[in-house]
Amino acid sequence: MDEILQGILKALELIITLDPEVVDTTSRTLMISISSTLLASLIAVPIGAIIHFKHFKGKRAIINIIQTLYSIPTVLIGLLVFLLISRSGPLGSLNLLFTPWGMILAQAILILPLIMGFSITALKGVGEEIIDLARSLGATEYQTLFTLVSEARYGIMAAIILGFGRAISEVGIAIMIGGNIRGYTRVITSAMALETSKGNLELSIALGIILLAISLIINTLLNYFQEK
Numbered sequence: 010m011d012e013i014l015q016g017i018l019k020a021l022e023l024i025i026t027l028d029p030e031v032v033d034t035t036s037r038t039l040m041i042s043i044s045s046t047l048l049a050s051l052i053a054v055p056i057g058a059i060i061h062f063k064h065f066k067g068k069r070a071i072i073n074i075i076q077t078l079y080s081i082p083t084v085l086i087g088l089l090v091f092l093l094i095s096r097s098g099p100l101g102s103l104n105l106l107f108t109p110w111g112m113i114l115a116q117a118i119l120i121l122p123l124i125m126g127f128s129i130t131a132l133k134g135v136g137e138e139i140i141d142l143a144r145s146l147g148a149t150e151y152q153t154l155f156t157l158v159s160e161a162r163y164g165i166m167a168a169i170i171l172g173f174g175r176a177i178s179e180v181g182i183a184i185m186i187g188g189n190i191r192g193y194t195r196v197i198t199s200a201m202a203l204e205t206s207k208g209n210l211e212l213s214i215a216l217g218i219i220l221l222a223i224s225l226i227i228n229t230l231l232n233y234f235q236e237k
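Taking the numbering used here, I'd label the letters of the sequence shown as residues 10 to 237.
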């Protein structure tokens, strides 16, 4: 109990004093998490809409695969991306390994199925009459697709918030792809893992509290704009 209390006090101290290393780590965490969420959303939402909108053979099987990937271990994604962007991998020439850009790519791949699957679920809540109305007014397939996404925007926003939550709390990929390099690829979760292994529990708890505070602020803002 004393360690938790000391962790809370340490977190307040780090926040109030704007500790340079904590500010640097926090800003990098936000940059990587927000970037990966935006990248995944730009890919997942349109593809999810197309999957829902189109009728084709094997559609149910594809949705089942997407939903199965919700719980894919982060270390597995980390391993696959590591093999992809390592020097001997097909994208090795891009030098993405142990860089923030490599972490963004890996986190985007991790949350892609999550955003896509929940976007499909959100679109299922849109009545068929919306599609019929759009088509009767002469809308193209693209315009109909856009109308569907607009009608399901609250559910899709919830999917994006969920994806962001998983991205910012991820640690396996952060270490495997980022390498936990101080001042370059270290994020809050990897810093927590490092400090815990060093026995510095107060700082680790403090970083955890800061991470929760960041998630609360981001989610509150997203929900606010969603309601607007």
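Beta carbons: idealized from backbone N, C-alpha and C, even for Gly.
- Here the alpha carbon of Thr-229 sits roughly 31 angstroms from the alpha carbon of Phe-62.
- Leu-93 counts as buried, since no fewer than 16 other beta carbons sit within 10 angstroms of its beta carbon.
- Distance check between Ile-59 and each of Leu-14, Glu-150 and Thr-108 places Glu-150 closest, using alpha-carbon atoms only.
- Under the three-state reduction of DSSP, Ala-200 is assigned to helix.
- Bounds of the alpha helix (DSSP H) holding Val-31 are 29 to 62.
- Cβ-Cβ separation between Asn-189 and Leu-203: approximately 6 angstroms, consistent with a contact (criterion under 8 angstroms).
- For Val-135, the secondary structure class from DSSP, reduced to helix, strand or coil, is coil.
- With fewer than 16 other CB atoms across the displayed protein chains lying within 10 angstroms of its CB, Lys-68 is exposed.
- Rounded to whole angstroms, the gap between the alpha carbons of Ala-167 and Asn-104 is 34 angstroms.
- Taking C-alpha positions only, Ile-43 is separated from Ile-223 by approximately 12 angstroms.
- DSSP places Ile-190 outside both helix and strand once states are collapsed to three, so it counts as coil.
- A straight line joining the alpha-carbon of Gly-111 with that of Ser-199 spans about 15 angstroms.
- In this structure, Ile-197 keeps its C-beta atom at 8 angstroms or more from the C-beta atom of Thr-83.
- Burial state of Ala-143 is buried, judged by a 10 Å Cβ sphere holding 16 or more other Cβ atoms.
- Counting along the chain, the unbroken alpha helix (DSSP H) around Asn-73 starts and ends at 68 to 77.
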